[in-house]
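full-length UniProt numbering applies: residue 1 is where the sequence shown begins, and numbers increase by one.
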Amino acid sequence: MNIDLHGFGPALAAGALMTVQLALSALCLGLVLGLLGALAKTSPYKPLQWLGSTYSTLVRGIPELLWVLLIYFGTVNGMRALGKLFDIPDLALSAFAAGVIALGICFGAYATEVFRGAILAIPKGHREAGLALGMSRSRILFKLVLPQMWRIALPGLGNLFMILMKDTALVSVIGLEEIMRHAQIAVGFTKQAFTFYMAAAFMYLGLTVLAMAGMYFLEKRASRGFLRSAS
Numbered sequence: 001m002n003i004d005l006h007g008f009g010p011a012l013a014a015g016a017l018m019t020v021q022l023a024l025s026a027l028c029l030g031l032v033l034g035l036l037g038a039l040a041k042t043s044p045y046k047p048l049q050w051l052g053s054t055y056s057t058l059v060r061g062i063p064e065l066l067w068v069l070l071i072y073f074g075t076v077n078g079m080r081a082l083g084k085l086f087d088i089p090d091l092a093l094s095a096f097a098a099g100v101i102a103l104g105i106c107f108g109a110y111a112t113e114v115f116r117g118a119i120l121a122i123p124k125g126h127r128e129a130g131l132a133l134g135m136s137r138s139r140i141l142f143k144l145v146l147p148q149m150w151r152i153a154l155p156g157l158g159n160l161f162m163i164l165m166k167d168t169a170l171v172s173v174i175g176l177e178e179i180m181r182h183a184q185i186a187v188g189f190t191k192q193a194f195t196f197y198m199a200a201a202f203m204y205l206g207l208t209v210l211a212m213a214g215m216y217f218l219e220k221r222a223s224r225g226f227l228r229s230a231s
């Protein structure tokens with residue numbers, strides 16, 4: 001079946017590239033925030049526990065779309081003040097940067113719980129053995145806890161990344177030209193909503209399948225040593 005995209009094919013392809021860039025950038029930010037949040041929630045110090053719990057509860061309690069709008073429009077006055085301070089009159093937060101920050105913060109809140117569950121799944125005896133061998137707490141964290149946590153957390157992180165990939169469509173409301181934004185522009189010109197929204201659906205589906213294949217490879221690679229020791 002030949003689908004006529006009326007010359008908007010290259011624009012949709014550019015939107016797909018922007019979607020991938022946005023998702024990967026938000027993923028990097030979200031992994032850092034999620035790991036810090038999980039370490040805070042599993043910390044023996046009450047203030048850190050409170051900080052980690054507040055972050056995950058607050059962010060997960062507000063829709064992602066609202067975070068995109070709040071961060072994009074809420075930084076206008078702050079950026080203007082910085083622009084006046086440093087004599088940069090046109091200083092503003094771009095739609096891409098706002099999308100990365102908003103989606104990264106949301107991904108990090110959910111990743112906090114995934115990482116926290118993975119940390120709690122590691123037997124306490126592993127840490128006690130490290131202390132008995134004279135290892136410092138930081139060495140135990142990087143040599144014993146994080147490698148095991150990564151393997152346990154990967155399936156959950158994979159599901160979150162596929163949700164993140166689809167949530168990139170929310171950034172179209174602030175003008176970022178990703179898949180949905182280009183599809184909306186094409187619909188406005190051609191009035192063929194079904195054709196272009198179906199094309200966007202297949203593009204998101206294709207990106208999701210690629211993400212699933214990538215996560216399968218990472219899970220298999222992370223489990224190699226564990227499978228050998230189990231056999």
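Quick reminder that beta carbons are idealized off the backbone N, C-alpha and C, glycines included.
Residue burial annotation: residue 172 is buried, with at least 16 other C-beta atoms found within 10 angstroms of its C-beta. Beyond the five residues adjoining it in sequence on each side, residue 196 comes within less than 6 Å, by CB distance, of 183, 186 and 187 in the same chain, given in chain order. Taking C-beta atoms as the reference points, residue 111 and residue 34 count as a pair closer than 7 Å. The three-state secondary structure of residue 94, taken from DSSP, is coil. The C-alpha of residue 79 is placed about 16 Å away from the C-alpha of residue 102. If the five residues before and after residue 127 are omitted, its C-beta is found closer than 8 Å to the C-beta atoms of 140, 144 and 145, all from its own chain and listed in chain order. Beyond the five residues adjoining it in sequence on each side, residue 156 comes within less than 7 Å, by CB distance, of 114 in the same chain, given in chain order. Three or more pairs of CB atoms, one per stretch, sit closer than 8 Å, so the region 159 to 171 contacts the region 87 to 103. Excluding sequence positions up to five before and after residue 72, its CB lies within less than 6 Å of the CB of 98 and 174, all in the same chain and listed in chain order. By the Cβ-count criterion, residue 224 is exposed, with fewer than 16 other Cβ atoms from all chains shown falling within 10 Å of its own Cβ. Non-local beta-carbon contacts of residue 51 in its own chain, meaning distances under 8 Å to residues more than five positions away in sequence, involve 40 in chain order.
CA-CA distance, residue 66 to residue 57, rounds to 15 Å. With a cut-off of 8 Å on Cβ pairs, the region 4 to 16 is in contact with the region 196 to 206, counting three or more such pairs. Between residue 221 and residue 147, the alpha-carbon positions lie close to 12 Å from each other. Going by DSSP, residue 19 is part of the alpha helix (DSSP H) stretching over 9 to 41. For residue 196, the enclosing alpha helix (DSSP H) begins and ends at 193 to 222. In the three-state reduction of the DSSP assignment, residue 134 falls in the coil class, being assigned neither a helical nor a strand state. With respect to the 7 Å criterion, residue 218 and residue 154 are classified as neighbours on the basis of their beta carbons. Residue 119 and residue 31 have their C-alpha atoms some 15 Å from each other.
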